[in-house]
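Here the sequence shown is numbered in numbering that gives the first Met the number 0, starting from 0 and rising by one per residue. Scroll down for the structure; my scribbles are underneath it.
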Amino acid sequence: MSNSPFEVPNELRDFAERSVEQARKAFEGFLAVAQRTAGVAGEAVHSGEGGAKSVSAHVLTYTEQNVNAAFELAHKLVRAKDPQEAFALQSEYLKTQLAALQTQAKELGALFQKGLTPGSR
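Right under this line is the structure:
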C-alpha cells in the first residue's frame, strides 16, 4: 500500500467490482423481461397505434444505454487511483450523459410530434 490517505484496499475494490457486476446482471435480467413484455404488449396493440410501440421501444433502448453508462462509470470509479481521478471521471460522465439526454429528448420529441401529426401514421 502507498502512503496515500485515500488508498482503498484491494479486497474492497474487488468487492465493489463484484457488486457492480452483480447489479449489472440483475439489471440485464430486468431489461430482458421488460423487452419481452413490451414485445408481447406491442403485438397486442393495433397497427394504428404503432407510434406508442415505437416510443416504448425507444424508451427501453435509452434506459439500457443510460444505465449501462452508469455501470461503466461505477466500474471506472472502483478503479480510480485518487479523488481527483474520480472527480474527472464523474465530470466526463456528466458531460457525456447530458449530451446523450439532449439527443434522446429531441428524438422522443420528434416521435411524439410525428404521432400527433394527422396522416403521419
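Note that beta-carbon positions come from the ideal geometry of N, C-alpha and C, so glycine has one too.
If I follow the unbroken alpha helix (DSSP H) through residue i, where does it start and stop?
i     : result
Pro82 : Pro82 to Leu115
Would you mind sorting residue i into buried or exposed? The rule is 16 or more other CB atoms within 10 Å of its CB.
i      : result
Leu123 : Not covered by the structure: residue 123. The range shown for the chain is 0 to 120.
Arg12  : exposed
Ser46  : Per-residue confidence for Ser46 stands at a pLDDT of 45, beneath the threshold of 50, marking its modelled position as unreliable; the derived number appears in the next sentence. Exposed, by the Cβ-count rule.
Look at the Cβ atom of residue i, then the Cβ atom of residue j, and state whether they are nearer than 8 angstroms.
i      : j     : result
Leu107 : Val54 : yes
Leu88  : Ala99 : no
Ala56  : Ala68 : no
Phe70  : Arg23 : yes
Is the Cβ of residue i closer than 8 angstroms to any Cβ of chain B?
i     : result
Leu88 : Absence of chain B from the displayed structure is noted, only one protein chain being present.
Say yes only if the C-beta of residue i is nearer than 7 angstroms to one or more non-hydrogen atoms of the ligand MG, and no if none qualify.
i     : result
Glu20 : With respect to the ligand MG, the structure shown offers nothing to examine, as it has no ligands at all.
Checklist entry - Would you call the stretch 15-27 and the stretch 72-89 touching, i.e. three or more CB-CB distances under 8 angstroms? => result The stretch 15-27, when compared against the stretch 72-89, does touch it at the 8 angstroms Cβ threshold.
Checklist entry - Looking at C-beta atoms only, is the number of pairs between the stretch 56-66 and the stretch 30-39 that lie closer than 8 angstroms three or more? => result Contact holds: three or more Cβ-Cβ distances are below 8 angstroms.
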